[in-house]
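What follows is one structure encoded as structure tokens, with my remarks underneath.
Residue numbers (our numbering): 6 to 225.
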């Protein structure tokens, strides 16, 4: 019986990936670092801590930490309009699941400050029992730690949960945790991702309630 849905944030609840892609390119350009669009695209679904050694090999731990701090400051000077970023069906989908007594959690690779700001400015915090940030874990997606911890906090088994992701790394993380995984299609051609490992693919988030209804009926 499906008891809970665990959501990724970026690219699922908010259409942020294209914005973050450009933001990262602008930041690296400011630093005088030549990074290709393709390299930055590879960060989709992950976080800076994991991606920096791949993008900029050969630097020290202290240098990577300094670049991450600089990026956080850069983001603070270029605040996001999260209400404008909301996917068209986000509020309706979350409200529908709440009315169906399906519990919800958020498991995002984004930093804690970004997650909290998104939730408070959009008013979505009421829907989530627990929120997890990639900052809370030594290893980012595709490592399943964030999903395993979400299951632990919800006190449910993997068979009673579903995940909603968009990136290859996020899908891999949820699958490695043994969770049935929905993938929301990515419309931006600049954000390339392989969703073939997902259990069920959605053209848009608004299709989730119908898919969940079918899933619950099948499992009963």
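Backbone N, C-alpha and C define an ideal beta-carbon position, used for all residues, glycine too.
**Item:** Between the CA atoms of residue 107 and residue 162 - distance to the nearest angstrom
**Value:** Within the chain shown, residue 162 is the residue found at index 157, counting from 1. Within the chain shown, residue 107 is the residue found at index 102, counting from 1. Using only the alpha carbons, I get a separation of about 14 Å.
**Prompt:** Based on the DSSP secondary-structure assignment, which residues constitute the bridge partners of residue 185?
**Reply:** To locate residue 185, count along the chain shown from 1; it is residue 180. Beta-bridge pairing links residue 185 to 167.
**Request:** Taking all protein chains shown into account, decide if residue 41 is buried (16 or more other Cβ within 10 angstroms of its Cβ) or exposed.
**Result:** For the purposes of this step, residue 41 is taken as the residue at position 36 of the chain shown. Exposed, because fewer than 16 other Cβ atoms sit within 10 Å of the Cβ of residue 41.
**Asked** With distances taken from CA atoms, which of 200, 98, 76, 179 is nearest residue 116?
**Response** Here the question's residue 116 lines up with position 111 in the chain shown. Among 200, 98, 76, 179, the Cα nearest to that of residue 116 belongs to 76.
**Prompt:** Taking buried to mean at least 16 other C-beta atoms within 10 Å of its own C-beta, is residue 38 buried or exposed?
**Reply:** Walking along the chain shown from the start, residue 38 turns up at place 33. Exposed, by the Cβ-count rule.
**For residue 12, three-class secondary structure by DSSP** = On the chain shown, residue 12 is found 7 positions in, with the first residue counted as 1. In this structure, residue 12 counts as strand in the three-state DSSP scheme.
**Request:** Determine the extent of the beta strand (DSSP E) in which residue 152 is found, giving its start and end residues.
**Result:** Here residue 152 refers to the residue found at position 147 of the chain shown. Not the beta strand (DSSP E): residue 152 falls in the alpha helix (DSSP H), residues 150 to 159.
**Asked** Quick one: what does DSSP say residue 208 is sitting in, helix, strand or coil?
**Response** As a position in the chain shown, residue 208 is number 203, starting the count at 1. Looking at residue 208 - three-state DSSP - the assignment turns out to be coil, as it is neither helix nor strand.
**Asked** Between residue 204 and residue 186, is the Cβ-Cβ spacing less than 9 Å?
**Response** If you number the chain shown from 1, residue 204 lands on position 199. If you number the chain shown from 1, residue 186 lands on position 181. Their beta carbons are under 9 Å apart, which means residue 204 touches residue 186 by this criterion.
**Item:** Exposed unless 16 or more other CB atoms sit within 10 angstroms - verdict on residue 222
**Value:** For this step, residue 222 is matched to residue 217 along the chain shown. Residue environment: residue 222 is assigned as exposed (fewer than 16 neighbouring CB atoms within 10 Å of its CB, all protein chains considered).
**Request:** State the beta-bridge partners of residue 19 as determined by DSSP.
**Result:** Locating residue 19 in the chain shown gives position 14, where the first residue counts as 1. Bridge partners of residue 19: 15, 91.
**Request:** Can you give me the start and stop residues for the alpha helix (DSSP H) that residue 65 sits inside?
**Result:** Here residue 65 refers to the residue found at position 60 when the chain shown is read from its first residue. For residue 65, there is no enclosing alpha helix (DSSP H), as DSSP marks it with neither H nor E.
**Reference residue 17; option with closest CA among 105, 148, 92** = One-based indexing of the chain shown puts residue 17 at position 12. For the residues 105, 148, 92, the minimum Cα distance to residue 17 belongs to 92.
**Prompt:** The alpha helix (DSSP H) spanning residue 36 covers which residue range?
**Reply:** Taking the chain shown and counting its residues from 1, the one referred to as residue 36 is at position 31. Here residue 36 belongs to no alpha helix (DSSP H), and DSSP marks it neither H nor E.
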